[in-house]
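The structure appears below as C-alpha cells.
Numbering (my numbering), first residue to last: 339 to 563.
Rendered as C-alpha cells:
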C-alpha cells in the first residue's frame, strides 16, 4: 500500500550484492546498490522483446549507462524465501569504465489499490446493459490486499485471483464458479471466454473502469458503494 501511495509501479530487491529499485513510470526510477550512490533516472519507455516476456529500459545518467531488464519469471528471494513474479537485472557501466557491473534481484508490479472496490457492469462493446429488476446486476469486487476477486455474472457467482502483470495490464486467474442454469447466460458466456483466465488491458478514470481484451471485447464498469 505504501509503495502504491508513493506512485511506485514496480519494485525490486536483491541480495549478494544488495540492490533496491523503485520504478514510477510517470516520474522517475530510483536505483541503489552496494557501492553505488542512489541513482535517479527520468522515466523512460521500455523496449519489449519480440519472443519473450522481457522488457528493457535504457538510460544515460551522470553516473554512466544503465540497463534495467524485467523478466516475467518466478524468482525466489535468497534471504526471505518469498516468491516474486519477476526476475530483474540491472547493469551499470560507470562513466570512464569499460565494463558493466550486474546486479540481480526479484520484483513485482505493485497492486493497484484503486481497484479495491465493487464495480457494476455498465456496457460491453459500447452496448449498455439493460436494467432489469428480474435479473441481478453483474458486479466484480477486487480485494487488493489478497489479490482476490469475486462477483456475479448476473447468474452465477465466481471467485478467484488476479495480479497486475504490467502497468495497465491485469491478469485474471481461473475462476471457481457456481453452476446454476439461468435464462440469461450471455454475460456469463462472454466472461468465461474473454475475462476469466485472461490477460487484459485496463484503465481507471474517476468512477469508471475499462477492461479491454486483446480479442476486441471491451467492458465498462462503474464503481458502486
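Yeah, the Cβ is synthetic: ideal placement off N, Cα and C, and Gly gets one too.
Note that this is a predicted model, so its numbers are computed, not measured.
Taking C-alpha atoms, which residue in 406, 402, 368 lies nearest to residue 385?
406
Return the CA-CA distance between residue 498 and residue 438, expressed in angstroms with no decimal places.
43 Å
Does the stretch 374-382 touch the stretch 392-399, meaning 3 or more C-beta pairs lie closer than 8 Å?
yes
Consult DSSP for residue 508 and reduce its assignment to one of helix, strand or coil.
strand
Between the stretch 386-393 and the stretch 360-370, can you find at least three pairs of beta-carbon atoms closer than 8 Å?
no
Sort 450, 346, 541, 415 by Cα distance to residue 442 and report the nearest one.
415
Between residue 347 and residue 505, which are expected to be in contact by the criterion C-beta below 8 Å, what is the C-beta distance as a whole number of angstroms?
5 Å
If you check the beta carbons only, do residue 502 and residue 447 fall under 7 Å apart?
yes
Quick check on DSSP: helix, strand or coil for residue 471?
Because residue 471 sits at a pLDDT of 49, beneath the cut-off of 50, its placement in the model cannot be relied upon, and the following sentence gives the value as read from the coordinates. In this structure, residue 471 counts as coil in the three-state DSSP scheme.
First and last residue of the uninterrupted beta strand (DSSP E) at residue 395:
392-399
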